[in-house]
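Numbered by the UniProt record's numbering, the letters in the sequence shown go through residues 1 to 75 in order.
Ideal Cβ placement from N, Cα and C applies to all residues, glycine included.
The structure presented is a predicted model; accordingly, all values stated were derived computationally and were not measured.
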Amino acid sequence: MTKRPLEILDQVLNRQPVIISLKGGREIRGVLQGYDVHMNLVLDKAEEEGENGMVPLGTLIVRGDNVIYISPSVE
Numbered sequence: 001m002t003k004r005p006l007e008i009l010d011q012v013l014n015r016q017p018v019i020i021s022l023k024g025g026r027e028i029r030g031v032l033q034g035y036d037v038h039m040n041l042v043l044d045k046a047e048e049e050g051e052n053g054m055v056p057l058g059t060l061i062v063r064g065d066n067v068i069y070i071s072p073s074v075e
């Protein structure tokens with residue numbers, strides 16, 4: 001049986017980190033705390049890879065228009 005995209009997000013909600021690719025080439029990792037049908041996302045413990053390693057960003061709200069993809073993180 002095929003899963004719907006929102007069902008996959010429900011499985012990782014508040015559990016495991018996700019990887020989010022954004023327009024402009026940015027990639028952010030964090031724990032998904034919430035989302036809506038427009039793909040607006042709330043991330044906790046967010047971090048982005050910078051020139052000197054991972055840069056902690058804390059809690060973020062990401063506007064859905066900027067999201068290219070979201071994927072469960074493989075750890």
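Rounded to whole angstroms, what's the CA-CA distance from residue i to residue j? Just pull it up for me.
i	j	result
Glu48	Met39	19 Å
Leu6	Gly34	11 Å
Which residue's Cα is closest to the Cα of residue i: the options?
i	options	result
Gly24	Ser73, Lys3 and Asp65	Asp65
Met54	Ile70, Leu22 and Ile28	Ile28
Leu60	Gly30, Asn52 and Glu51	Gly30
Gly58	Gly50, Glu51 and Val42	Val42
Lys45	Arg4, Thr2 and Asn14	Asn14
To which residues of the same chain is residue i closer than 7 Å at the C-beta, ignoring the five residues directly before and after it?
i	result
Val12	Val18, Leu32 and Pro72
Arg63	Asn40
Less than 8 Å between C-beta atoms, sequence neighbours within five positions excluded: which residues of the same chain meet that for residue i?
i	result
Arg26	Glu48
Which same chain residues, not among the five before or five after residue i, have their C-beta less than 6 Å away from its C-beta?
i	result
Ser21	Glu27, Ile68 and Tyr69
So within the UniProt domain "Sm" (5-75), which uninterrupted alpha helix (DSSP H) runs reach at least 4 residues, ignoring any that extend past its ends?
5-12
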